[in-house]
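Below: the structure, in structure tokens.
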Amino acid sequence: MAGREVMLIGRCKRAVCCWIGWWLGLVLMAPTLVQAEQLPIKTYTTADGLGSDFIQRIVRDSRGFLWFCTRDGLSRFDGRRFVTYTMEQGLSDPTINDLLETHDGVYWVATNGGGVCRFNPDPIENQKAKGKDPQSAIHNLFTIYPVGDEPATNRVNVLYEDRAGRLWAGTDGGLFCLDQTSDQAVFRCVELGLPSHPDHLVGVAAFVEDREGSLWIGTSWGLVRRSSDGRMVHYPVHPVQGTDRVTTLLIDREGRLWVGHEAGLLVLQPDFASIANQKAKGKRQKAESEPLASEIHIQTSTIRKAGDVRWYTTADGLVHNRVLALHQTSDGRIWIATAGGLTEYDGQRFRRYTTAQGLSNKFVWQLAEDCDGNLWMGTRSGAMKLTLNGFTTYDETDGLGHTRIHAIFENPAGALFVVSGNWCINRFDGERFTSVEPKLPEDATYSWASQVGFLDRAGQWWLLTTKGLYRFAKVGRLQQLAHERPLAIYTRRDGLAGDRPFRLFEDSHGDIWVGTRGEIQGGLARWDHATGTFHRYTEADGLPPTKAPSAFSEARSGAVWIGFYDGGLARYQEGRFTLFTVMDGVPAGMITTLYLDRAGRLWIGSNQGGLGRLDDPGTHHPRFLRYTIAQGLSSNNVRCLTEDRWGRIYLGTVRGVDRLDPATGHIKHYTINDGLANSFVTVAFRDRHGALWFGTQRGLSRLVPQPSRPPSPPPIWIGGLRIAGVSQPVSELGEVDISGLELGSDQNQLHIDFFSLGFAAGEVLRYQYKLEGADRDWSTTDQRSVNYANLSAGDYRFLVRAVSADGQTSPTPAAVAFTILPPVWQRWWFLALAVIFGGVMVYAIHHYRLAHLLELERVRTRIATDLHDDIGSSLSRIVILSEVVKQEIGTTHQGVVQRLTEVAETARELVDTMSDIVWSIDPQRDDLKNVIARIRRFASDVLGVQGIGWKFQTPPEPEKVKLTPEQRRHIFLIFKEAIHNIVRHADCTFVSLTIHVAGGRLVAEIHDDGRGFLVPATPELIRQDRPGHGLESMRARAAALGGQLHIDSAPGRGTHLILSIPLK
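Now the structure itself:
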């Protein structure tokens, strides 16, 4: 009995010692945690556009730009593109130490030897100030301000603006303040008055102003506080090896002062009552030296009340004692950059991050936070972006046995397990993984894309191989699996549908569903946990024999949904399977995953058809909704699904992770740029703490989702403008409105650059633009420029807006308004002059033509008069003389008389012909009325003598129908020839003459009731049949007038002539 008590006491002592040792270890570890995971870090270098990989400082301005002060210029970053300014643009020195944007928007640049430069982003204002041409202004964007006369005073380490608007400059040669009271701004030295340390030997590296208006100054010889009345107080911090260098300062949200030092970190709560008492003592010439505390190394562990001080070193959790930068992020955490890595302080403990967690360089110089909450670090090898709400990645260095992830589980106690590689089971302890490989045959293999391992709710492990299903009993320690033999090995002989298990699922009753997939066929069996036996499902249950299950889920009603490797779904309810295919709306291809969300909706992932959603899985005729790349998915190959606590669905695809908000339909994309281990995501799981785990082919990633922030519409700026290939002056910071551009007709080709800001994880900015005056609708692009070529003359207004991943658009589009003038010959004044000139020309031509016509009429009148008076009278005289001679001769000389008669007749004919000619050229006769009168007179003379009856029908107001001399002459001669032919050949008793005007044509008809004749078909036959030239001449005259002459005649029916000519 005594022996048993001794043994019991010994065991109790050992237990107490172990318990005490465990707690001591926990206490010692509490202040600091060395994180093992890989941080979601993206590194930027000169290859991405940085001026230099050596980053001196990172600054975020009011617009959201990040500015990188480097050893070779000043770089500006908008989330996608770097713009770097060097000495070519006017900087006084290549090394930039700091940048400050004042409250009124002025940018000041601290250089390492060239004093301070003022940035002038507006090239137009710069041009006015410098009085140079635009191209010169673009290349002189900085105005240089020397700080002091000594080289050390122009090595400016830091710039700061206090709440009074004063600009302070800390240099290697003392403290300076910008005096802008005179016309020209100059820096003036401000005396520090440190004991035993001349100002020109005191380096100033940091400033911060507290809520009482005191300016704290970090120097190479400790900390200095300058009160609002100008009084200086010097506080030695931690003198080490002949220096007391303060490197950085921070006032946190609680008003505590954080002092970064070469030897550690000091945190204190300023005692403002003590400061007020010191002010009351009056202003002194020299700075007083006062201790911060009697012994700062052992001051209070929590800094709350005034006067509390605490000194931190690596012993307290810092990754290195040399503190280089401090920053408090928007979530309240304090980040400490050191010479050995990065330290995070969350208010309770420190976490240390080094190159083992993904830092590209352990020497972290600077810290800054962008507008999307990402932490930026400046190093000697580039800039790092740490996505604070991004993915954390784990691989072999974190204890994973293999990076190819097959499955993720959580046991009832909340421990997380990951199956990877060849049945490697990994357990996560909150920081690292421990792994074990269960005892399996050496020749064991598994099917590609199978689950490989499964953990049931009883804590038993099921391992899937191509030679059966291995079941292991629950173990107390994970490492026991390396030696434990399986409880059972199940094959087809035990009731499985095949020897190659592919997917396992545990339903709400604790039964295990086993889907198998062989080379030819698959099958389904259910393990009854109560009896330990399998029930195989066949065609008798409604399940096709070749179907290989690839995904499972259970609805709230208890119905089990099963997805198949070769496509389609089945619902098992009340002992029967109901099948659903693509024709019912199921996504095409292999069903890779099924997930029931907290709203009871069933989500279906496939490798070809994207994502399906079933809102009511219990309905008899379910209706499937679909999501594909058309709705915004990054890929239609969906491999896994999970959900966060806000009901957003996460899809693992072959192109990363998509987050779908079912309420809005909005989709956000995550890729390796956001810290994801690999783009091919095959497993998704949510643990009981709400963290999401994603398994890939190259590691495991964890995401701690955050509630959606109120969407912030992205800003938009015009970044550049080229007209006909010539760059136009645009502010270096971008402009939201450019107007008043008046361009020539040859300046109709425009290239417009625009940009927005986007730093968030998964952020992919798109842009919408349109050109008012040419486009009706908005066009969408992911590019940041647009070209317009060969624009026609007119007024235009180019509008562009950014569209964030949340679907938010810029509240006000950026605009470029311009007018393209028409060519000279299309401008109003030119057209007006052309109209006037044309009118003058028309008038001149008309005047000339009228004068010509008048002259022609005078000529025609003179010719008619001369023909009538001279030739006509001469011919008449010949006729008279012939008659006189004929009478004198009498009848004695009949031959002579006959000749004289012929002479007289010929002369008379000439008189008649001459009369026709005179009539035709007489300008007083240029109308239809005169033609009608002459035809009537001729018809009366000829037809009346022959005793032939006739009538003549004419149009009303013939004097209004104007005819040319040629028309009058040909019309009259056609009538004359026709009447002659009637008299000679027709043997008629009546002739009808008609003239009328219709449709711009003159139509004349001549109709007799004579004997008629057979009209030949062609002109050649006319000449052969009728040797005279009458008909041929008439046709020729009609043709000369552009008209036609139609002859209708037949023996015994008379003759009908129709003349039709156009009136000009």
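For the sequence shown, the residue numbers in our numbering are 134 to 1197.
The C-beta atom is built at its ideal place from N, Cα and C for all residues, glycine as well.
Unbroken alpha helix (DSSP H) runs of no fewer than 4 residues, entirely contained in the stretch 697 to 758, are not found. For V787 against F818, the beta-carbon gap comes to about 18 Å, at or over 8 Å, which does not count as contact. Cβ atoms of P634 and L602 come within 8 Å of each other, at about 5 Å. A contact is defined here as three or more CB-CB pairs under 8 Å, and the stretch 632 to 647 meets this definition with respect to the stretch 588 to 597. The DSSP-derived three-state label of S925 is coil. Rounded to the nearest whole angstrom, the CA to CA distance from E1110 to V1064 is 15 Å. By the CB criterion at 9 Å, D362 and G832 fall outside the cutoff. Contact check for S937 and L904: beta-carbon distance about 23 Å, past the 8 Å limit, so the pair fails to qualify. Annotation: F697 to W581 spans about 15 Å, alpha carbon to alpha carbon. Cβ-Cβ separation between W444 and G397: approximately 6 Å, consistent with a contact (criterion under 8 Å). Per DSSP, reduced to three states, the secondary structure at Y579 is coil, with no helix or strand assignment. Beta bridge pairing from DSSP links E502 with L508. In the displayed model, D181 falls within a helix according to three-state DSSP. Where K1062 is concerned, the enclosing alpha helix (DSSP H) starts and stops at L1061 to Q1079. If the five residues before and after H333 are omitted, its C-beta is found closer than 8 Å to the C-beta atoms of E283, A285, T286, G306 and G307, all from its own chain and listed in chain order. Straight across, the Cα-Cα distance linking N740 with R625 is about 29 Å. Counting along the chain, N1114 sits inside the alpha helix (DSSP H) bounded by residues P1098 to N1114.
Look at L620 here: in three-state DSSP terms it is coil, with no helix or strand label.
Counting every other CB atom within 10 Å of its CB across the protein chains shown gives L382 a total of 16 or more, marking it as buried.
In this structure, V585 sits away from H616, with a CB-CB distance that is not shorter than 9 Å.
Segment contact: the stretch 707 to 721 against the stretch 671 to 680, three or more CB-CB distances shorter than 8 Å; contact assigned. At the C-beta level, Q941 and S845 come within 9 Å of one another.
Within the same chain, and ignoring the five residues on either side of V837 in sequence, the residues whose Cβ sits closer than 6 Å to its Cβ are A824. Every beta strand (DSSP E) of 3 residues or more that sits fully in the stretch 437 to 461 is shown, in chain order, as 442 to 445 and 456 to 461. Comparing alpha carbon positions, the residue from D791, S767 and T761 closest to L774 is D791.
Straight-line spacing of the CA atoms in I622 and R604 works out to 6 Å. Membership of E1165 in the alpha helix (DSSP H) is indicated by the continuous run G1163 to A1173. For E776, the number of other beta carbons within 10 angstroms of its own is at least 16, and it is reported as buried.
The alpha-carbon separation between R618 and V608 amounts to approximately 11 Å.
When secondary structure is reduced to three states using DSSP, Q830 falls in the coil class, being assigned neither helix nor strand. Remark: C-beta atoms of R386 and S353 do not approach each other more closely than 9 Å.
Proximity of the stretch 515 to 533 to the stretch 877 to 894 meets the contact definition, three or more beta-carbon pairs being nearer than 8 Å.
DSSP, reduced to helix, strand and coil, places R1134 within a strand of the structure shown. Sorting T679, G665, A318 and D661 by C-alpha distance to the C-alpha of T649 places T679 at the top. A check of alpha carbon separations from G1187 across S1125, T488 and L883 identifies S1125 as the nearest.
Contact between L747 and F757 holds, since their C-beta atoms are separated by about 6 Å, short of 8 Å.
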